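Residue numbers (this note's numbering): 2 to 213. C-beta: ideal position from N, C-alpha, C; glycine also. Remember, predicted model here, so these are calculated numbers, not experimental data.
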Amino acid sequence: MKHFILAATLSMIALPGLAATVVPESYAMLNGQTGSYEYWDQSYSGSGNPSASLSPLSGGTGDLTDGIIATQSWNVTEVPVGNGPYVGWLSINPAISFIFDTVYSFNSITFHFDDSNGAGGVQPPTSVVVNGVSSPVPNPTGGAPFAFTLDLSSVSPTDTLAATIFRSPGNWVFLSEVTFDAQVSAVPVPASLPLLAGALFGLGMMRRKRRS
2 MKHFILAATL SMIALPGLAA TVVPESYAML NGQTGSYEYW DQSYSGSGNP SASLSPLSGG
62 TGDLTDGIIA TQSWNVTEVP VGNGPYVGWL SINPAISFIF DTVYSFNSIT FHFDDSNGAG
122 GVQPPTSVVV NGVSSPVPNP TGGAPFAFTL DLSSVSPTDT LAATIFRSPG NWVFLSEVTF
182 DAQVSAVPVP ASLPLLAGAL FGLGMMRRKR RS
């Protein structure tokens, strides 16, 4: 009986992890660039100049993790002056480091790119690399924004994901959001707490009886 109670207690404490969306506490990168419009990360909250092309940004968050996923192409959603949903790069392959508040076992990372079928020189990237995991990015049919998900289940638990996006040569790459799926620890629901308390009480009573 004692072993049964102990096993039940441990099973309630060591709950399995659950897949959930997690958000980085900051990310670091070189700011976007300008073309016809301003493709900067103008909502960025950390250090650096969010209104200057290729300014080093660090210690904050901005357009890439604000929860806004563009559903229309850049030539509809961007404006001549102000902050549109996209961050865009033309002369570099952007490298972005995402920093989290704790170590996670990541399942995947999803990039939300634009694809306007070449309008304005905007094309999907050719590939992405995250913590050593590399994959080509298929060019989807049509010209709508699209999501590309990279499997990270082979990556060791970490609190930092280093991503590099490789542009199609001579073309812009536009990114509106990056999302993350990871394993998180489950918390006992309130209904299970009385069961846990009862198991612990029963174990204590058994120990007291043995002493007497």
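query, result
"Identity of the residue in 163, 171, 172 and 36 nearest residue 101 by Cα", "163"
"For residue 89, the residue or residues it bridges with in DSSP", "175"
"Spatially closest choice to residue 33 from 149, 146, 105 and 86, by CA coordinates", "86"
"For residue 129, the first and last residue of its enclosing beta strand (DSSP E)", "128-131"
"CB-CB length for residue 45 against residue 99, believed under 8 Å", "Incorrect: roughly 14 Å between the Cβ atoms, too far for contact."
"Straight-line Cα distance separating residue 129 from residue 173", "15 Å"
"Proximity of residue 183 and residue 72 at Cβ, strictly below 9 Å", "no"
"Cutoff 8 Å; reference residue 54; Cβ partners in own chain excluding five residues on either side", "32, 33, 34, 35 and 41"
"Whole-angstrom distance between residue 154 and residue 112, CA atom to CA atom", "16 Å"
"C-beta contact flag for residue 25 and residue 78 at 9 Å", "no"
"Candidates 138, 39, 106 and 158, of which the one nearest residue 91 by Cα", "39"
"Where residue 192 falls: helix, strand or coil (DSSP)", "Low confidence applies here, because residue 192 scores a pLDDT of 47, under 50, leaving its location unreliable; read the following figure in that light. It is helical."
"Range of the contiguous alpha helix (DSSP H) that encloses residue 77", "75-78"
"Classification of residue 131 by the beta-carbon crowding that lies within 10 angstroms, buried from 16 upward", "buried"
"Terminal residues of the beta strand (DSSP E) in which residue 105 lies", "96-114"
"Span of the beta strand (DSSP E), counted from its first residue to its last, around residue 137", "134-137"
"Among 167, 142, 170 and 180, nearest to residue 152 - alpha-carbon criterion", "180"
"Residue burial classification, residue 133 (beta-carbon count within 10 angstroms, cutoff 16)", "exposed"
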